[in-house]
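For reference, the structure discussed in these notes is given below.
Protein chains in written order, with the numbering used here: chain A, -7 to 403; chain B, 48 to 529; chain C, 21 to 265.
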């Protein structure tokens, strides 16, 4: 209980201030969440869902906590939680796993929350974009909270960007720690494409927990793209609670240097006739570490479930490490479930073919890596984003992303 | 699968044909576990002091540990003081010392189990070490094998006659501190087999050990050690049964295998411990640590297991691929029915260059059982060119059971190729229908389909065992459909 | 143009080439015939520098350069092109991207500016017509879902794009019907300049009717056992290799 102590003290000192800056619905769960965090503390690597990320060490440095209010431009569908057009008490901190230490800590410390509410039978044509700018000159902890409520028949595309903020030139940058909890409620027949794109710096640590509830006839696609980062641990839990719904979880992770990317997903089929698809791909280079754990749980009554999980990884350097753990836990008999996982090397024959055509080896490798990731990017439905990501992924493999501080293309 | 045309019915009258008990005088030491008990076991076996110290150190370590709670099984609280740690059915009544002749009851028991102890009746080309409770009853063909320099005897005998070999290898693959049950076994292990194949020798017979638990409230702590020296080959078979009893019986074994340069070991198990009754009462708790150390270059080890018995199975026959170009295989069929729980799989630890491993696992769940595959493939930093292929399929026969797959892959080398695939599905109704249409009953069709499903693994077993295993699969599933 | 002296090479532990001597001058076409496993494909792979093959002895000099000291792409930049016997699929890499990378890499090696996108696409269009390749194929991944004939045609198309001076056609005729064979062979002939030389590996006279060889070599068990003119191919087609075994 060393790393925990400073957060416990922080809460004891600052909880009144946080509560003043916050609102009733968030304060209602705050003390209990804090108690929960106190009792469980940070998970050790023996905890099954935290095997691959050392949480206590990530939280050990002394961070100042950011209590800046959210900067929300008034627009349809997007609100700060204080201005919510509906009663959010039945939603806030309800589907989130209160026993998860990151979620508990977030609920205790977070002072403001974003609400995206799409009313009944509303089709939002343009994507709703949330930008998180990460930059700071002193070590800072940011706690983020997003609540997404898709009413029955609603349809929307939401893009959440974690990006490197623009600071003054020559400013020395400090470490930044982000916790994020997103709760998504899809009522019957809702459709949601949710993209999370991380393109930050090696100084950023990110702990994100996403919880998705689906009613019947829903369709949710969640894409998690880690282009550039420091240390990232993403969790995504999906609860399929209405028949005939589907969920797609896709992910793309590119690691180099000493980056750390850990994705942990859990799809729970609670009712019959649902479909889940999952595709996560990693390319790990340098001394980076990639980890993927994905569990599909099919409950006893969830007959006629179809589920396919695929995790494919390329280890591109001798010091990179990859951990993968696809899991099936099945209690219903009339199901079709499969998972596949590979860790491999680049196709030498393809490499040779390209070199025979005169393509230099480094470029051939980058083309192949690009093609490997293309399979995930191909599935992005929102065309402008897809095109942008093709370019970004390509640049990333060419090593250009690290340098493109002022490149407008990336914005 | 709706209930109306359900293929599946909870199995109530399942037959366990090895459930009889043998009425033979058995010397059983008092229940409970402490240092005195360990000294007593060691004394009864007339062991040298180093082995007693090995046991005591293991025991002291065990005391500091707690029973592991992981795994997808509900391991009951085991009262380690309610178990007797030594039961010897070979001691003649009133004599307190061993008779020269084997009690005819014991001979009859093994006959009934299909394991004749007279060499003239032996299955062709198989030498047997028969172990009941804590003691080896008889080892056949010892003399014939010794002509080639092959040592095949009970481990107790090996401690007496080949102390240097035992001392050199015992605990070198599974150290006493490996895990909770390994520590317990190292403290109290009773009998098991010892095999040593000298250099450049192809063992001319299948070696086989048959384990039988008979006495009530005893635990069996089998210890097997196989050393296959350079350029040699051996195929080893293990079978096990136990009587039907209402209480759980504990079987905590350790099997250690050492494979040297260019040597090959095949280890096959048909595990048919008493699985408990239809309500989940009784049955053997099968908590086993099995591991092979492929120390030599070009060494080979293959584990084949057919697991149909035990109330709870918790075992992961593993391979440490240390030698360059070494190859390891794991083939498993695990059938669970009624309230059985199995959490089984393997670990493939690739350390040497160009090492290869293959994992084929077939799980079949019926009744209210839970069947899990759990496996680890680790490729170390220096294991250039390592390759693994894993395939884990689960078949569900009923809506009350569960099938789970928990593979772990830790890859620390960029020249490794690791592939894992798994599927879970119910038995194919079109196949059943096709069989039905050809006049085959549903129950028989399930047997056919399941055997076909498990064929890849069964085919890896030596002939006699394969036939046994096929029968066992049908018996284990009898009554699951109707 | 190309001079091979006492070339020995192995794959794994197996020695395949056992002392090849071959000189090819500018503009010459050499046909290479021989039984399966004689070493024809090994020779071509060694010339283009496939890392799976190991040269144990001998030398290859290409236009005065020591070929064996160059890596695969450097050899390609020097003007060596191989039409593969079984061109591989590269899922996810589009033909256009692939060709642009190849063309510009060679231009860079030759000290030329990379082609602008519009110019590049124009060249693509021209060359495509030359080998009568379906423009739809250009939007697909390299060789993915191509029929056997389409793959071979695609090889010749790439040759057109890269304008090599030395070509190896490794069983380019296998699996092609007469029409496809004609298109591929005529494509090759159109692309030839008076300086272009080639090694044509084939089992059949048919291809050599379109691409007339100046010399025909019989390769048996890693060595050239007989060299003759175009008539030798005719003779082998009729009598087989028995005489040389």
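Don't be surprised by glycine CBs; every beta carbon is placed ideally from N, CA and C. The model shown is predicted, which means the values in this text are computed figures rather than measured ones.
Euclidean distance between Cα positions of residue i and residue j
| i | j | result |
| --- | --- | --- |
| residue 93/A | residue -4/A | 10 Å |
| residue 349/B | residue 271/B | 16 Å |
| residue 125/A | residue 193/A | 11 Å |
| residue 420/B | residue 237/B | 29 Å |
| residue 205/B | residue 244/B | 13 Å |
| residue 163/C | residue 120/C | 16 Å |
| residue 143/B | residue 183/B | Confidence at residue 143/B is low in this model, with a pLDDT of 46, below 50, so its placement is unreliable and the value that follows should be read with caution. Between residue 143/B and residue 183/B, the C-alpha separation is close to 17 Å. |
| residue 465/B | residue 423/B | 11 Å |
| residue 214/C | residue 60/C | 25 Å |
| residue 362/B | residue 156/B | 27 Å |
| residue 254/B | residue 243/A | 51 Å |
| residue 398/A | residue 150/A | Note that residue 398/A has pLDDT 39, beneath the 50 cutoff, so the model's placement of it is unreliable and no number is given. |
| residue 280/B | residue 240/C | 41 Å |
| residue 532/B | residue 124/B | The question about residue 532/B has no answer, for chain B in this structure spans 48 to 529. |
| residue 129/B | residue 264/B | 7 Å |
| residue 230/C | residue 237/C | 18 Å |
Outcome for residue i when other beta-carbon atoms lying within 10 angstroms are tallied against a minimum of 16
| i | result |
| --- | --- |
| residue 323/B | buried |
| residue 340/B | buried |
| residue 260/C | exposed |
| residue 138/A | buried |
| residue 181/C | buried |
| residue 364/A | buried |
| residue 222/A | buried |
| residue 265/C | exposed |
| residue 429/B | exposed |
| residue 117/B | exposed |
| residue 273/A | buried |
| residue -6/A | exposed |
| residue 319/A | buried |
Contacts around residue i, its chain only, beta-carbon distance under 6 Å, and the 5 residues preceding and following it disregarded
| i | result |
| --- | --- |
| residue 226/A | 200, 216, 255 |
| residue 97/C | 126, 129 |
| residue 115/A | 147 |
| residue 462/B | 431, 432 |
| residue 178/B | 238, 258 |
| residue 1/A | none |
Closer than 7 Å: residue i CB and nearest the ligand ADP heavy atom
| i | result |
| --- | --- |
| residue 123/A | Here there are no bound small molecules, and the ligand ADP is not part of this structure. |
Interface flag, residue i vs chain A, CB-CB below 8 Å
| i | result |
| --- | --- |
| residue 473/B | yes |
| residue 616/B | Any property of residue 616/B remains undetermined from this structure, which presents chain B solely from 48 to 529. |
| residue 453/B | yes |
| residue 257/C | no |
| residue 468/B | yes |
| residue 390/B | no |
| residue 126/C | yes |
| residue 83/C | no |
| residue 104/C | yes |
| residue 456/B | yes |
Chain C contact for residue i (CB, 8 Å cutoff)
| i | result |
| --- | --- |
| residue 387/A | no |
| residue 166/A | no |
| residue 351/A | yes |
| residue 345/A | yes |
| residue 412/A | No information on residue 412/A is available, as it lies outside the stretch -7 to 403 that chain A covers here. |
Sequence-distant residues of its chain with Cβ nearer than 7 Å to residue i (five each side left out)
| i | result |
| --- | --- |
| residue 68/B | 261, 290 |
| residue 326/A | 295, 296 |
| residue 127/B | 80 |
Name the residues in the segment 316 to 340 of chain A whose C-beta lies less than 9 Å from a C-beta of chain B; which are they? 316, 317, 318, 319, 320, 321, 322, 323, 324, 325, 326, 327, 328, 329, 330, 331, 332, 333, 334, 335, 336, 337
Residues of the segment 296 to 316 of chain A with Cβ closer than 7 Å to any Cβ of chain B, in chain order: 307, 308, 309, 310, 312, 313, 314, 315, 316
Tell me which residues of the segment 430 to 452 of chain B have at least one Cβ-Cβ distance to chain A shorter than 8 Å, keeping chain order. 441, 443, 444, 445, 446, 447, 448, 449, 450, 451, 452
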